[in-house]
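Novice: Going by my numbering, the first residue of the sequence shown is number 8, and it counts up by one from there.
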Amino acid sequence: MEPRNFDGEADRPRSAGAKQTGRVLVVGPYLRARAGHADAQSESHVQRNAEARLDEAAGLARAIDLVIADAIIAPISQIRPATYIGKGKVEEIAALAKSLDVELVVMDCALAPIQQRNLEKELHAKVLDRTGLILEIFGRRAKTKEGSLQVELAHLNYQRSRLVRSWTHLERQRGGFGFMGGPGETQIEADRRLIQERITKLESELKKVQATRRLHRAGRQRVPYRVVALVGYTNAGKSTLFNRLTRADVQAADMLFATLDPTLRALSLPHGGKAMLSDTVGFISNLPTQLVAAFRATLEEVLEADVILHVRDISHEDAEAQQSDVDAVLRQLGINPDDSGRIIEVWNKIDRYDAEQREELLNIAARRPEDHPAMLVSAVSGEGIDALLAAIEERLAAKRTTLDLSIDAADGAGISWLHRNSEVLAKELHDGRFDMTVRVDETKRDIVVARFDAVPHHAT
C-alpha cells in the first residue's frame, strides 16, 4: 500500500467499502524538517525518509498480523502536549478512521499517557504508539524463558504509568462530588502495587538468569573460543548471514523482528580455528528505553564479544539513518561504534544490485579509511563470505599471541592440552618431537610459555 501524505488539503478519506474486523490505520505524525535541524523524533543525526519511516511502521503492524486499512503521513510543525498532533489533524484522522471502520489507530511516535488517552477519546478507537507496538511484537516473539521475562518486565514498566489511561473500567468506579480518592483511585493504587510486586519478582528471576548466563560464559572462556556477535537494524539479514556462516537453521524471514531470542553456534574459521557466533535481536529507530534496559542481559553477549559484525542492509533507502540508529543503541550499551579494532561493518544484500551498481559499491568501499573497511556480502548467495571469514579471523588473531614451541611426541597429555586450549597453526614431526606454532589467548600465554618453554613466533 502506498503511503499517503495527509496534510488536510488533498487526499480526502476514501470509502471504507465492506466492513472488516481487526482493521488498522497507521499514522506517521512526523515533524516537518527545518533547515539546519535534524528530525527531533529520531535519535539519528541522519534525516530519515518519511515514506520509509511510515513503511517501517506498517511493517511493524503487519508483524503481529494486523490488517492495514490505510497508512498516512500527517506532517506536524510542533508536538502538542494534549494530543501530540494539532486539533485539525485529529479531526481529519477521526473522520478517516470512521470511514474506514478501523478498530485501532497506530501512531508512529512515542505518546505520553495523557496524549494516548486524549487521542482515544477524540478518535473513538484504541490507540497504540510505537513503543506499545514494539512491546506487543516482542511479547509474541519471545520463545525462551529469559526472553519472556524480559518482555514482561518491559511491558509492566510501560504499563505502570498508563493505568489511568488504559484501564478505563476504573473510571466508572471513582467517587463523585469532588472528593479526593474514591473506590477507583483505591483500585488503581492497588493495581500499581500488584504491578510493582510483579516487577520486583521478575527482576529477581532475571538476576538468576544472568547468573546462569555468566556461568555459561565462564565455561566458554575456559576453552579457546572467542565470541563474535551480530548486530544490526531489524531485517538487515542477520539471521540469514548467521545461517550462512554457521550452517544453522535459525528462523530468517523478510519480517521485522523475525528473530528475538539470542542464539549461539560454533563458527569455523579458515585456518581451522573456532569461534562462537551470537545472533541478537535487531535494533530499530527509537527503540523503547524499556526494552534496551530489559534486554541488557541478552545483549551482554554483545558487550562481551571480541568482534562485533554490524550488518547493514546496504540496499535500503534509509541505510545511512539505520546505521546511525544502531550506533546510538551501541552507545547506550557502552560500546564505541567507531572502535575499528572490534567492529566490522558488513554491507549485506549486494545480490540486489546489478554488476554496474556492485562495482560502484566496491569503489565506495575502497575509498574508506583502512581502519574502517566495509565487507560486501550476500547472505543469500554466499558472495563475499570467504573474505568476511578471513577478516573475522584476522581481527581475532590480532588479540592473541602466536608462539613457537617444541614438545616430545610422547607427551600426549601436553599435546592434547595444546589442542584444547590453543589454536594450532602448524605442527611438524622432527626426530621424535613436534615443532608447533600455536595461537593463544592472553590469559593462556604465560601458562604455555612456562609449561612448554614457548617463545614468540618469528615468521620466516
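Note that the Cβ used here is the ideal one computed from N, Cα and C, for glycine as well.
Hey, quick one: how far does the alpha helix (DSSP H) through Asp-334 stretch, first residue to last?
Specialist: 326-339
Novice: To the nearest angstrom, how far is it from the Cα of Asp-460 to the Cα of Leu-271?
Specialist: 35 angstroms
Novice: If you draw a straight line from the C-alpha of Asp-313 to the C-alpha of Arg-87, how long is it?
Specialist: 45 angstroms
Novice: Assuming Ile-80 and Gly-35 form a contact by the criterion Cβ under 8 angstroms, report the distance between their Cβ atoms to the nearest whole angstrom.
Specialist: 5 angstroms
Novice: Does the segment 343-363 come close enough to the segment 317-326 to have 3 or more Cβ pairs within less than 8 angstroms?
Specialist: yes
Novice: Which one of Glu-401, Leu-432, Ala-397 and Ala-59 has the shortest CA to CA distance from Leu-412?
Specialist: Leu-432
Novice: How should Ala-243 be labelled, buried or exposed, when 16 other C-beta atoms within 10 angstroms of its C-beta is the threshold for buried?
Specialist: Note on Ala-243: 16 or more other CB atoms within 10 angstroms of its CB, so buried under the neighbour-count rule.
Novice: Where in the segment 373-451 do unbroken runs of the alpha helix (DSSP H), each at least 4 residues long, occur, reported from the N-terminal end onward?
Specialist: 392-405 and 419-428
Novice: In or out: Asp-115 buried (at least 16 other Cβ within 10 Å) or exposed?
Specialist: buried
Novice: Pull up the DSSP beta-bridge partners for Arg-233, would you.
Specialist: Ala-282
Novice: Just how far apart, CA to CA, sit Ser-285 and Val-234?
Specialist: Taking the Cα positions, Ser-285 is about 7 angstroms away from Val-234.
Novice: What does the alpha-carbon distance come out to for the pair Ile-291 and Ala-326?
Specialist: 12 angstroms
Novice: Check each candidate in Ser-275, Ile-342, His-317 and Leu-340 and name the one with the smallest Cα separation from Gln-330.
Specialist: When each option's Cα is compared against that of Gln-330, the closest is His-317.
Novice: Mark Ala-282 as exposed unless 16 or more other C-beta atoms lie within 10 angstroms of its C-beta, in which case mark it buried.
Specialist: buried
Novice: Hey, how far is the Cα of Asp-393 from the Cα of Thr-409?
Specialist: 23 angstroms
Novice: Kindly indicate which three-state DSSP category Thr-138 falls into: helix, strand or coil?
Specialist: helix
Novice: How would you call His-465, buried or exposed, if buried means at least 16 neighbouring beta carbons within 10 angstroms?
Specialist: By the neighbour-count criterion, in which a residue is buried when 16 or more other Cβ atoms sit within 10 angstroms of its Cβ, His-465 is exposed.
Novice: Kindly indicate which three-state DSSP category Asp-345 falls into: helix, strand or coil?
Specialist: coil
Novice: Just the C-alpha distance for Gly-391 and Ala-398, rounded to the nearest angstrom, thanks.
Specialist: 11 angstroms
Novice: If you compare alpha carbons, which of Val-74, Lys-214 and Leu-32 is closest to Glu-99?
Specialist: Leu-32
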